[in-house]
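Shown next, in structure tokens, is the structure this report addresses.
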Amino acid sequence: MQTDNIVVVDYDENWPKEFQRIEAVILNTIALDVLRVEHVGSTSVRGLCAKPIIDIDIVIDDYSNFEAVKTGLLSLGYEHEGDLGISEREAFSYDTSQKKSFMEHHIYVCPKNSAELHRHLTFRNHLRNNPSDCQKYGTIKLAAAKEFQTDIEGYLNMKGEVIIEIYQRCGLIK
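Residue numbers (the numbering used here): -8 to 165.
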């Protein structure tokens, strides 16, 4: 899904519940084909401001059962978009008019050994356990959203320096 207007809001205590609602529907259909479903991204970090979009990684063992997962997601109204340039992470979109009862969300399917899954979990867990980095990241997100309200590339670039600092501290890059 394309972001037209960048809005970053204060943490909402309902975000974990919204994730659980979406997760329950997904698992009701494909539980036998997945290892777990992870709430990742800024909405998964208590106290962190975020774009109000739930990021979800569906974790599979490997690609041997990806077609079954894909078929299950298709039956729920999700459309496979491919990896969108990120290896070992398959993206799915949906028609927002068909999912009005759910908070906006992004769905990705990743093998358990995917570098992208590792990055998502490591960054999330670091922010959950390091309040100073969480605050620093939140501050730059708010500033970037204010400065680049309709420019996702500008928003991402402004956050980039802080993200790299945090990646270094949590061992994602040297």
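No residue lacks a Cβ here, since even glycine has one placed at the ideal position from N, Cα and C. Note that this is a predicted model, so its numbers are computed, not measured.
Any idea which residues DSSP pairs residue i with across the strands?
{"i": "R27", "result": "V50"}
{"i": "E9", "result": "Answer is none; E9 lacks a bridge partner."}
{"i": "G73", "result": "A82"}
{"i": "A41", "result": "V0"}
Label residue i either buried or exposed according to how many other C-beta atoms from any shown protein chain fall within 10 Å of its C-beta, with 16 as the threshold for buried.
{"i": "D86", "result": "exposed"}
{"i": "M(-8)", "result": "No answer about M(-8) holds up, because its pLDDT of 45 lies below 50 and its placement is not dependable."}
{"i": "L23", "result": "exposed"}
{"i": "T21", "result": "The sequence given here has Ile at residue 21, not Thr. So I21 ends up on the buried side."}
{"i": "Q63", "result": "It is Gly, not Gln, that sits at residue 63 in the sequence shown. The residue in question, G63, is buried, as its Cβ has 16 or more Cβ neighbours within 10 Å."}
{"i": "V0", "result": "exposed"}
Report yes if the C-beta distance between residue i and residue j is below 8 Å; otherwise report no.
{"i": "N102", "j": "Y69", "result": "The question names Asn, yet the displayed sequence has Pro at residue 102. No, Cβ-Cβ distance for P102 and Y69 is not below 8 Å."}
{"i": "V31", "j": "D46", "result": "yes"}
{"i": "F57", "j": "I49", "result": "no"}
{"i": "I(-3)", "j": "F139", "result": "yes"}
{"i": "K150", "j": "K132", "result": "yes"}
{"i": "A135", "j": "Y146", "result": "yes"}
{"i": "Y99", "j": "L39", "result": "no"}
{"i": "I143", "j": "I155", "result": "no"}
{"i": "T113", "j": "C161", "result": "yes"}
Cutting at 6 Å between CB atoms, please list the residues of its own chain near residue i, excluding the five before and the five after it.
{"i": "A41", "result": "S33 and T34"}
{"i": "H109", "result": "none"}
Quick one: what's got a C-beta closer than 7 Å to residue i's C-beta in the same chain, skipping five residues either side?
{"i": "S105", "result": "E79 and R80"}
{"i": "V36", "result": "R115, L118, R119 and C125"}
{"i": "L75", "result": "A82"}
{"i": "N121", "result": "none"}
{"i": "L26", "result": "V50, I51, D52 and K103"}
Going by beta carbon distance, what residues of the same chain come within less than 8 Å of residue i, once the five residues before and after it are set aside?
{"i": "I13", "result": "I45, I47, F93, M94 and H96"}
{"i": "G73", "result": "E81 and A82"}
{"i": "L65", "result": "H71"}
{"i": "V153", "result": "K127, Y128 and I131"}
Considering only residues of the region 83 to 157, which uninterrupted beta strand (DSSP E) runs meet the minimum length of 3 residues and lie entirely inside it, listed in chain order? Restricting attention to beta strand (DSSP E) runs no shorter than 3 residues, the region 83 to 157 encloses them at 96 to 102, ordered along the chain.
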